[in-house]
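Student: What follows is a structure written as structure tokens; I'll ask about it next.
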Ligand SMILES: Cc1cc2nc3c(=O)[nH]c(=O)nc-3n(C[C@H](O)[C@H](O)[C@H](O)COP(=O)(O)OP(=O)(O)OC[C@H]3O[C@@H](n4cnc5c(N)ncnc54)[C@H](O)[C@@H]3O)c2cc1C
């Protein structure tokens, strides 16, 4: 066992970007806080804290979720993937299509995009636009993002 | 030639890019703000609750400000922290810092600002009563007028006089990264790092409030997640707050607004009311434009007078009219101050004008395209300020191109058959022709004299030293391309220095669509200067330049090699600030936008089906980035036109969450089609004119014109929410 | 964290209903840092109750588990075939990030008058299974709500299952009017079905709870002719009680509900058709 916990703290073990991690955190922390302030993975951004903008999107057990709405205790035993796991090649398509401008929504956008690319069968029932509706962007008209997904999906993920 | 990719793009796409809240400042405190609960009044008391051990907290109020309690911008009217009176809800009064964000959040709830209320004013359109007057005799902060020709005579001889009143609402910037600053002490120097557009504004404001000279303050921009004007003036306020806490704590402090605080307490686009009285001949020629503009400035002056200035110059639009009178005023209210926002007054006044043009066309039975065609400025004719336009752009051809590209005529015909088959959907088409001046208004560039350096480094690489900030618009990429083109080097050997007031000269703020056009031009001249210092000629390019740089360093060990440039007014430009006559801008970009909408008569919701943006912007320096700027601006304007509705209570925004302040999602906008016409501008960087703000001007009137076309009413205000349209349509039914 | 329902229920009982169940957290966690008072409460994490995760199709019902998410139903082709209004509703809940976490049971328990999942489920005559230490009871969803955020579910009871009868549906329709086309909280919601059991018309955001509109249902069962949206005004007036709030106005709600209702029904009811002015 590890060190005794301070009052209000809990220990949580989960898989983060393919590695097992164990963190001791405030029981009231969100997954987002833990990633950013405890583990130093600041790629994931907080845009609104209410699940609307999707800037904090990470993949949890294979699905995109807003990490601002996940209490850290619910990450126990889960597989979490963040933008830090993303390789340059995977996002070339978005770079070329003008899918990023200021970059604040971008990490969340990338996580949703790559989830779509990995699960292409969702495109049988959904348009890319519908799937991306949970990622608000204030710089683009989303076209660069949509085109980036289309391009990436066409080439199977790499740019 | 392939388009260079965004320089910092991969860092952004993989989460490596660092924004202020990503900075690891070991042991830093979190700062928060306690704000006024009242819109106007005297502060009687600040009560600190008993349940908190205040000794654990750093607490700052106005008495901790070393210099004058003023935020230095244009006026000095806004205090850093309210001392004895407040003028708007959410005005900052006390600052608190603690190492735990949650503790801090709990503590500020335990501080009560007790205010004896005084009569406040919230409606800028109504004359204030005596007890509401807070500035001069009428709360008017600033007024300007333009006079050209003889307006009364022209109105008298016009075939028709058409009047209209148009209104626009406030708009929240919704940059995805909220306002944030970090401050710490480096020896005696206060260092500020954060999200901002204008490091030297922040520097000047800090020097003033902290009572320090430039050697005692350093300001560094961190990667900035969107600005749109929202990070032009406001960051000065937050920087001073953060610095005060850091000074008192003797430790690093971060202040990062959460979304609700950002929406509630920071600036927004000025609401406006514009009155038009237009003399027009039966063939549609404008002979008199009599225009009155009123802006709500909010509780402090911020940049309102400058917004007003850009607003007035654009109020007459891209039309040749010999008789023009425009009077504009910005009035003080007790709303949270309004500030800079993409377009800076021009979207408001051009919304009114372009909606009014359709009203005139309707009244005269003219085609909306035709009435514009007959009035667009031709080279040799002049704008409202008497600026003679001679830039080689054919504005009528631009209009015709937009009509062709958007298939305006074909779509109109298609709508007729669509309506025959649809129970409750109506489609319509609308357009707007407009302009946007690049760079500061009038003599602004001349007085401020921006500077820029280009460094030749020992290894032969080249560094651009400027205060222009990358906020998503792509400046880093553009600047590298300009250097590459000018010196014939590869863009990969060019680096762009972080805007850090300790290192870069004052290139003036990143605003007013001036970065590529004005500062880009400085960059070219600084490159030329660098080459001259190396004893090279313009024919010397590429490796020869780099080699010369390396050699120079061998001969001058330890010295810095800098090419320098300072703003010089292009020839034949004259502006009279007193009469508002002359050349208001070095160059205008021109646009014609066409919107196609569908109105669902069940819900009264309007949806933009297609959108064509055709514009002349000088030379396009990077097609991907330029297209992205236009598309994003159009979408921001679609939001302003149809859905972004600030709900007010006592001068404060009530809907301060993303769930109730609605911006467009992927499903609310069509792909925006963008077409550029290019007539290189001789005095713009790489031939460019400004284009960042242009796309904010055209969409709202084009969309409302399309709605008018679809449902046969004349909406005059935005946002045109479904609720508004329902009201207009039921009113229409009743009559 | 409990891993069986039994454990979960005993925790609830022990804490005398002071424990707050949490499933997807998409209601409870909104603006979490600002809601620090709520950090002190005890949360009963349901996410480990694997037995309640899957939904299944029995002979006569679709059974939705306490942890079944919107996304689970969106991805089930059977649901799209048989109960498209469930899928339609689910697809409008926030966006994928919300759908992948948000649960149907949480949607019910949150008791919002704007709940989209509740809207469709109520129009399909869903029955809610409530489990507590004292046993299991079943409540018809249209009888669950008593008033704004008030339910016939005690704090020590969990929603363990929702049962939706499989019936032949001659007509089903889900219409959501929000302030934008995605990621919007409902301003006016309507779910309409027609089966052997008769018409069901359910409205959301029109009253303190999601609510069946019995007067309108009666008009439809009786085939009362209607020649324009105005023909529903009286029934709407007796069925619902819309208010002004930050999102819209009572006037808008009332008049849009009438228009949507009219146009949806005009598609299938020959006795409902445009007289003069149809909108
Ligand atoms: C950005 C955003 C958009 C949204 N959009 C929509 C929308 O369009 N339409 C809509 O209807 N909703 C929407 N919601 C609300 C929310 O997603 C739904 O209400 C969801 O169904 C809640 O489920 P959950 O599992 O996440 O609930 P939780 O947050 O985990 O719980 C919600 C409530 O239910 C209780 N609870 C949960 N499970 C049980 C159980 N098994 N037994 C007893 N009590 C239980 C909890 O104690 C709590 O009171 C939105 C939320 C967000 C953040």
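Chains as they are written, first to last, in the working numbering: chain A, 1 to 159; chain B, 160 to 894; chain C, 895 to 1173.
Glycine residues also receive a C-beta, built at the ideal position from the N, C-alpha and C atoms.
Any beta carbon of chain B sitting closer than 8 Å to that of residue 927/C?
Tutor: Your numbering for residue 927/C matches position 33 in the third chain. Interface residue, yes.
Student: Taking just the CA atoms, how far does residue 133/A sit from residue 145/A?
Tutor: On the first chain, residue 145/A is found 145 positions in, with the first residue counted as 1. On the first chain, residue 133/A is found 133 positions in, with the first residue counted as 1. Cα-Cα distance, rounded: 11 Å.
Student: Find the nearest neighbour of residue 860/B within the set 764/B, 759/B, 751/B, 871/B, judged by alpha-carbon distance.
Tutor: Here residue 860/B refers to the residue found at position 701 of the second chain. Residue 751/B is the option with its Cα nearest to residue 860/B.
Student: Given residue 1041/C, which residues of its chain have a CB within under 8 Å of its CB, disregarding the five upstream and five downstream residues?
Tutor: As a working mapping, residue 1041/C is identified with position 147 in the third chain. Result list for residue 1041/C: 1102, 1103, in chain order.
Student: Since residue 88/A meets chain B, which of its residues come closer than 7 Å, beta carbon to beta carbon?
Tutor: By 1-based counting over the first chain, the position of residue 88/A is 88. Correct list: 169, 173.
Student: Starting from residue 1034/C, follow its DSSP beta bridges and name the residues at the other end.
Tutor: Here residue 1034/C is taken as the residue at index 140 of the third chain, counted from 1. Answer by DSSP bridge pairing, in chain order: 1021/C.
Student: So for residue 2/A, helix, strand or coil by DSSP?
Tutor: Here the question's residue 2/A lines up with position 2 in the first chain. The predicted position of residue 2/A is uncertain, since its pLDDT is 49 and thus under 50; no value can be drawn from it.
Student: On the premise that residue 407/B lies in contact with residue 223/B, defined as a C-beta separation below 8 Å, what is that separation, rounded to the nearest angstrom?
Tutor: In the second chain, residue 223/B corresponds to position 64, counting from 1. In the second chain, residue 407/B corresponds to position 248, counting from 1. Contact check for residue 223/B and residue 407/B: beta-carbon distance about 6 Å, within the 8 Å limit, so the pair qualifies.
Student: Check whether the Cβ of residue 60/A lies closer than 8 Å to any Cβ atom in chain B.
Tutor: Residue 60/A sits at position 60 when you count from the first residue of the first chain. Judged by the 8 Å Cβ criterion, residue 60/A is not in contact with chain B.
Student: Should residue 50/A be counted as a contact of ligand 1 given a C-beta to heavy atom distance under 7 Å?
Tutor: Against the first chain, residue 50/A aligns to sequence position 50. Yes - ligand 1 has a heavy atom lying nearer than 7 Å to the Cβ of residue 50/A.
Student: Should residue 628/B be flagged as near chain A, meaning a C-beta pair shorter than 8 Å?
Tutor: Against the second chain, residue 628/B aligns to sequence position 469. Residue contact with chain A for residue 628/B: absent (no Cβ-Cβ distance below 8 Å to any residue of chain A).
Student: Taking DSSP as the reference, what is the three-state secondary structure of residue 795/B?
Tutor: As a working mapping, residue 795/B is identified with position 636 in the second chain. Reduced to three states, the DSSP call for residue 795/B is helix.
Student: Any idea if residue 902/C is buried or exposed, counting beta-carbon neighbours within 10 angstroms, 16 or more meaning buried?
Tutor: To locate residue 902/C, count along the third chain from 1; it is residue 8. Burial call: buried.
Student: Heavy atom of ligand 1 less than 7 Å from the Cβ of residue 272/B, yes or no?
Tutor: Taking the first residue of the second chain as position 1, residue 272/B is located at position 113. Closer than 7 Å to some heavy atom of ligand 1: that does not describe the Cβ of residue 272/B.
Student: Counting pairs of Cβ atoms below 8 Å between the segment 256-274 of chain B and the segment 825-837 of chain B, do you hit three or more?
Tutor: With the cut-off at 8 Å, the segment 256-274 of chain B and the segment 825-837 of chain B do not touch.
Student: Give a yes or no on contact between the segment 24-35 of chain A and the segment 71-86 of chain A, applying the rule of three or more CB pairs nearer than 8 Å.
Tutor: Per the Cβ contact rule, the segment 24-35 of chain A is in contact with the segment 71-86 of chain A (3 or more Cβ pairs under 8 Å).
Student: Select from the segment 95-120 of chain A all residues with a C-beta closer than 7 Å to any C-beta belonging to chain B, and list them in chain order.
Tutor: 95, 96, 98, 100, 101, 102, 103, 104, 105, 106, 107, 110
Student: Hey, could you find the ends of the beta strand (DSSP E) residue 167/A is sitting in?
Tutor: This structure does not reach residue 167/A, given that chain A is present from 1 up to 159, and the question cannot be answered.
Student: Could you check if residue 273/B is buried or exposed, using at least 16 other CB atoms within 10 Å of its CB as the buried criterion?
Tutor: Position 114 of the second chain, counted from the start, is the residue given in the question as residue 273/B. That one is exposed.
Student: Check each candidate in 1051/C, 1014/C, 1142/C, 1054/C and name the one with the smallest Cα separation from residue 1036/C.
Tutor: Start at 1 with the first residue of the third chain, and residue 1036/C comes out as number 142. The option with the nearest alpha carbon to residue 1036/C is 1014/C.
Student: Hey, would you say the C-beta of residue 1004/C is under 7 Å away from at least one heavy atom of ligand 1?
Tutor: For the purposes of this step, residue 1004/C is taken as residue 110 along the third chain, with counting starting at 1. Yes - ligand 1 has a heavy atom lying nearer than 7 Å to the Cβ of residue 1004/C.
Student: Could you check how far apart the C-beta atoms of residue 188/B and residue 404/B are, in whole angstroms? I think they sit under 8 Å.
Tutor: Your numbering for residue 188/B matches position 29 in the second chain. Your numbering for residue 404/B matches position 245 in the second chain. With a Cβ gap of about 7 Å, residue 188/B and residue 404/B count as contacting.
Student: Counting only beta-carbon atoms, is residue 1076/C nearer than 8 Å to chain B?
Tutor: Position 182 of the third chain, counting from 1, holds the residue named residue 1076/C. True, the Cβ-Cβ gap to chain B drops below 8 Å.
Student: Of all Cβ atoms in chain C, is any one closer than 8 Å to the Cβ of residue 799/B?
Tutor: Working through the second chain from its first residue, we reach residue 799/B at position 640. It does not: the Cβ of residue 799/B has no partner Cβ on chain C nearer than 8 Å.
Student: Chain B beta carbons: is any one of them nearer than 8 Å to that of residue 1089/C?
Tutor: Here residue 1089/C refers to the residue found at position 195 of the third chain. Taking Cβ atoms only, chain B never reaches closer than 8 Å to residue 1089/C, which makes this a no.
Student: Quick check on residue 142/A: buried or exposed, where buried means 16 or more other Cβ atoms within 10 Å of its Cβ?
Tutor: Here residue 142/A refers to the residue found at position 142 of the first chain. Buried, by the Cβ-count rule.
Student: Please list, in chain order, all residues of the same chain as residue 7/A whose beta carbon is under 6 Å from its beta carbon, the five residues on each side excluded.
Tutor: Counted from its first residue, the first chain places residue 7/A at position 7. So the list is empty, once near-sequence residues are dropped.
Student: Within the 8 Å Cβ cut-off, does residue 55/A reach chain B?
Tutor: Taking the first residue of the first chain as position 1, residue 55/A is located at position 55. Yes, residue 55/A lies at the interface with chain B (some Cβ there is under 8 Å from its Cβ).
Student: Could you check if residue 995/C belongs to the surroundings of ligand 1, using beta carbon to heavy atom distance under 7 Å?
Tutor: The sequence position of residue 995/C within the third chain is 101, counting from 1. Yes, Cβ of residue 995/C sits closer than 7 Å to a heavy atom of ligand 1.
Student: Is residue 1000/C near ligand 1 - that is, is its Cβ less than 7 Å away from at least one heavy atom of it?
Tutor: Taking the third chain and counting its residues from 1, one reaches residue 1000/C at position 106. For ligand 1, at least one heavy atom lies less than 7 Å from the Cβ of residue 1000/C.
Student: What in chain B is Cβ-close to residue 1143/C, meaning under 7 Å?
Tutor: As a first step, residue 1143/C must be located in the third chain, where it is residue number 249. Here the neighbours are 882.
Student: Is there at least one non-hydrogen atom of ligand 1 closer than 7 Å to the beta-carbon of residue 920/C?
Tutor: For the purposes of this step, residue 920/C is taken as the residue at position 26 of the third chain. Yes, ligand 1 has a heavy atom inside 7 Å of this Cβ.
Student: Can you pull the chain C residues whose beta carbon is under 8 Å from the beta carbon of residue 73/A, in chain order?
Tutor: Position 73 of the first chain, counted from the first residue, corresponds to residue 73/A. Neighbours of residue 73/A on chain C, chain order: 895, 937, 939.
Student: Can you tell me whether residue 114/A sits near ligand 1, meaning its C-beta is under 7 Å from at least one heavy atom of the ligand?
Tutor: Along the first chain, one-based indexing puts residue 114/A at 114. Answer for residue 114/A: no, Cβ out of range of ligand 1.
Student: Going by Cα to Cα distance, which pick from 783/B, 803/B, 862/B, 833/B is closest to residue 98/A?
Tutor: As a working mapping, residue 98/A is identified with position 98 in the first chain. Closest by alpha carbon: 783/B.
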